[in-house]
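Each residue of the sequence shown is one higher than the one before, starting from 1 at the first, in full-length UniProt numbering. Structure, as structure tokens:
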Amino acid sequence: MNNRQLVAEQIAKAVTDLDKDTIISLLERPKKSDMGDIAFPTFSLAKTLRKAPQNIANDIVEKIDSSHFEKVQAVGPYINFFLDRATISAAVLKEVIEKKEDYAQQTVGQGRNITIDMSSPNIAKPFSIGHLRSTVIGDSLSNIFKKMGYKTIKINHLGDWGKQFGMLIVAYKKWGNEEAVKAHPIDELLQLYIRINAEAEKHPELDEEARDWFRKLEKGDEEALTLWQWFRDESLIEFNRLYAELDIDFDSYNGEAFYNDKMAEIVDLLAEKGLLETSEGAQVVNLEKYGIENPALIKKSDGTTLYITRDLAAALYRKRQYDFAKSVYVVGQEQAAHFQQLKAVLKEMGYQWSDDIQHVAFGLVTKNGKKLSTRKGNVILLEPTIAEAVGRSLAQIEAKNPHLADKAAVAHAVGVGAIKFYDLKTERTHGYDFDLEAMVSFEGETGPYVQYAHARIQSILKKAEFTPDADATYQLNDAESWEIIKYIQDFPNVIAKSFENLEPSVIAKFAINLAQSFNKYYAHTRILSETPERDSRLALIYATATVLKEALRLLGVEAPNEM
Ligand code: ARG
């Protein structure tokens with residue numbers, strides 16, 4: 001039972017007019033801590049009881065069994081509850097010591113699957129900062145879902161199909177060089193792609209040629225397939241290098257191409273259900289009744305398929321293969337219309353599970369306040385940027401802790417963690433400015449700040465040679481410990497909230513708050529001095545470190561023991 005439930009239960013015994021749930025919904029958190037931990041305002045009872053709220057508060061306090069609390073007080077129209085710090089701190093600390101990193105593990109998702117469409121870069125194109133956001137957010141959501149008890153399937157829906165591969169094949173056959181592609185696959189293929197697009201402006205027949213090659217590819221032509229496969233393999237080598245740096249993996253790399261032989265079924269189903277209309281030679285599904293103006297384009301006049309056709313096939317495949325309870329797509333806000341169409345078409349097809357599909361959108365990243373643009377040279381190249389973040393972290397570690405063993409590994413954890421944390425602490429629908437210096441700073445609301453608090457605790461525990469004992473009773477009742485205890489106690493709710501809103505930032509903000517209250521505690525309390533509270537204090541910081549590490553893990557960020 002949590003604190004609010006405990007309070008509500010005691011109020012319900014004293015006020016028979018209200019049920020427990022209504023009481024819970026009325027409970028407030030007092031503005032100041034000297035007003036207690038939880039407050040119950042009596043205004044809403046004034047009308048039915050025909051009494052002044054002040055009097056009601058006094059009456060209720062008389063009837064309440066206060067033995068469960070440190071103190072229960074009527075102050076004007078409010079009843080203030082002071083929780084029993086000693087009892088609660090003992091219970092919370094015991095639970096963390098017993099469960100360790102499994103503390104706050106939940107079971108609501110047991111036996112159910114969630115698919116996560118994430119990362120999904122395009123073959124032969126640079127991995128963008130948007131793809132990085134999708135990768136980092138998707139990975140964190142997967143951790144959060146698992147903490148709620150779900151099984152997750154992380155799917156990298158690679159952009160490895162479409163007319164652009166026709167363009168690439170034509171370009172490669174005309175100007176390509178095998179060695180150059182092998183040396184720098186994405187750079188080289190991108191140059192070929194840019195060149196063929198420019199040429200096609202002047203020579204439209206190139207466009208026709210590309211269309212032919214894509215048609216061949218969709219029909220399984222061997223030469224086309226071999227080239228396509230090679231472009232894909234080379235690009236994946238580059239992407240995988242990045243995933244290794246980020247320490248993020250996938251359960252499936254089934255990209256758009258995987259659905260090539262699964263689209264006919266979708267088109268047939270749509271036709272059977274009478275949903276296809278012909279518009280200027282193309283096959284479309286009208287979605288006006290969903291308030292969507294643009295029809296979904298399923299098949300072009302030349303018979304080739306589109307992005308949404310493959311997404312329809314993918315959705316159906318995923319439902320059959322994984323029987324998902326929820327299917328999320330971590331993709332930039334700019335594709336909102338696409339996902340609206342996707343859901344609407346599935347709904348039209350009669351699939352009730354289309355309601356379980358959710359586009360988890362995120363905002364745009366800028367640099368120096370400006371939109372990123374390859375053309376204008378305002379770009380973020382990920383590999384060099386990660387290397388720079390790691391380098392800057394290393395420099396700070398050298399300054400703070402020159403004798404640290406394994407500096408390179410710690411610097412990597414700090415640099416990569418800094419980039420991830422900065423992204424995840426931002427509410428995902430908001431954008432942010434990519435500011436490497438702010439990201440890797442040990443001060444402010446950053447990953448390194450939280451990691452440093454964790455490492456500091458580890459070093460105190462080591463110095464104290466403290467091992468927590470699950471059978472001992474550790475309890476504390478001072479105001480600073482109490483603040484920390486309340487955060488730790490709230491961790492399961494924080495995770496549940498981040499799950500409901502599909503919002504890792506809830507956990508990132510929690511981690512910052514907890515690290516800040518620890519630092520405050522550390523500044524005020526002589527943890528190591530020989531006092532009767534020493535062990536309880538050590539148990540408190542042990543629990544703090546355990547929860548900080550777990551919060552970081554949910555964000556995909558490592559917590560080194562020393563830094
Ligand atoms: N490849 C796409 C892009 O880079 C993202 C794919 C997102 N996933 C999906 N199932 N449509 O824009």
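We put the CB at the ideal spot given by N, CA and C, even for glycine.
**Item:** Neighbourhood of Y432 by C-beta distance below 8 Å, restricted to the same chain and skipping five residues each side
**Value:** G363, V365, T366, Y422, D423, T426
**Request:** Could you tell me how far apart the beta carbons of I292 and Q341 are, in whole angstroms, since I believe they sit closer than 8 Å?
**Result:** 6 Å
**Message:** Taking the alpha helix (DSSP H) that P41 belongs to, which residues open and close that run?
**Reply:** Segment 38-41 is the beta strand (DSSP E) holding P41; no alpha helix (DSSP H) there.
**Request:** Since I believe K407 is in contact with I419 (beta carbons under 8 Å), could you give me their beta-carbon distance rounded to a whole number of angstroms?
**Result:** Their Cβ separation, rounded to whole angstroms, is 19 Å, which puts I419 and K407 out of contact at 8 Å.
**Message:** Going by DSSP, what residue range makes up the beta strand (DSSP E) through I116?
**Reply:** 113-117
**Asked** What residues in its chain sit with their C-beta under 8 Å from that of A90, if we drop five residues either side in the sequence?
**Response** T473, Y474, Q475
**Message:** Please classify W175 as buried or exposed, where buried requires at least 16 neighbouring CB atoms within 10 angstroms.
**Reply:** exposed
**Expected contact under 8 Å - CB spacing of S481 and R428 to nearest Å** = Going by Cβ atoms, the distance from S481 to R428 rounds to 33 Å, so no, they are not a contact pair.
**Item:** Best match in V360, E334, K63, D84 for proximity to A74 [C-alpha to C-alpha]
**Value:** K63
**Per-residue DSSP class, three states only, for T226** = helix
**Request:** State whether the segment 133-142 contacts the segment 324-331, with contact taken as three or more CB pairs (one from each stretch) at a distance under 8 Å.
**Result:** yes
**Rounded C-alpha distance that separates M563 from V390** = 13 Å
**Request:** Can you say whether T152 is buried or exposed, counting buried as having 16 or more other CB atoms within 10 angstroms of its CB?
**Result:** buried
**Request:** Please classify G350: does DSSP put it in a helix, a strand, or coil?
**Result:** coil
**Request:** Measure the beta-carbon distance from L93 to A543 and round it to whole angstroms, keeping in mind my assumption that it falls under 8 Å.
**Result:** 5 Å
**Asked** Taking just the CA atoms, how far does H68 sit from I79?
**Response** 15 Å
**Item:** One or two residues paired with F82 in a DSSP bridge
**Value:** K71
**Message:** Using only CA atoms, which one of A395, A198, D34, F40 lies nearest to T22?
**Reply:** F40
**Item:** Where Q321 falls, given that 16 or more other Cβ within 10 Å makes a residue buried
**Value:** exposed
**Inter-residue spacing [alpha-carbon to alpha-carbon] between A52 and V61** = 15 Å
**Message:** Is V328 near ligand 1 - that is, is its Cβ less than 7 Å away from at least one heavy atom of it?
**Reply:** no
**Prompt:** Could you give the distance in angstroms between the alpha-carbon of L346 and the alpha-carbon of P77?
**Reply:** 53 Å
**Residues near T16 in its chain [Cβ-Cβ closer than 7 Å; skip 5 each side]** = none
**Prompt:** Along the chain, where does the alpha helix (DSSP H) that runs through Y522 open and close?
**Reply:** 505-524
**Asked** So E256 and R310 are in contact, right, with Cβ under 8 Å, and what is the actual spacing, rounded?
**Response** 4 Å
**Message:** DSSP three-state label for L287, please.
**Reply:** coil
**Asked** Between R392 and the rest of its own chain, which residues show a CB-CB distance below 8 Å, the 5 nearest in sequence each way excluded?
**Response** G415, L436, E437, V440
**Request:** Spatial neighbours of L270 within its chain, please: CB distance less than 6 Å, with the 5 preceding and 5 following residues excluded, ordered by chain position.
**Result:** L276
**Request:** Let me know the beta strand (DSSP E) ranges lying completely inside the segment 374-450, each 3 residues or longer, listed in chain order.
**Result:** none
**Request:** Taking the CB atoms as reference points, tell me whether F434 and I248 lie closer together than 8 Å.
**Result:** no
**Asked** Since H157 is in the beta strand (DSSP E), which residue starts that stretch and which ends it?
**Response** No beta strand (DSSP E) holds H157; DSSP gives it neither H nor E.
**Request:** Quick one: give me the first and last residue of the beta strand (DSSP E) that R327 is part of.
**Result:** For clarity, residue 327 is Ser in the given sequence; the question names Arg instead. Start and end: 326-330.
**Asked** Closer than 7 Å: is that where the CB of H203 sits relative to any heavy atom of ligand 1?
**Response** no
**Message:** What would DSSP say about E530, mapped onto helix, strand or coil?
**Reply:** coil
**Asked** Hey, out of K146, E245, A344, D268, whose CA is closest to K289's CA?
**Response** A344
**Message:** Tell me the residue span of the alpha helix (DSSP H) that contains Q54.
**Reply:** 53-63
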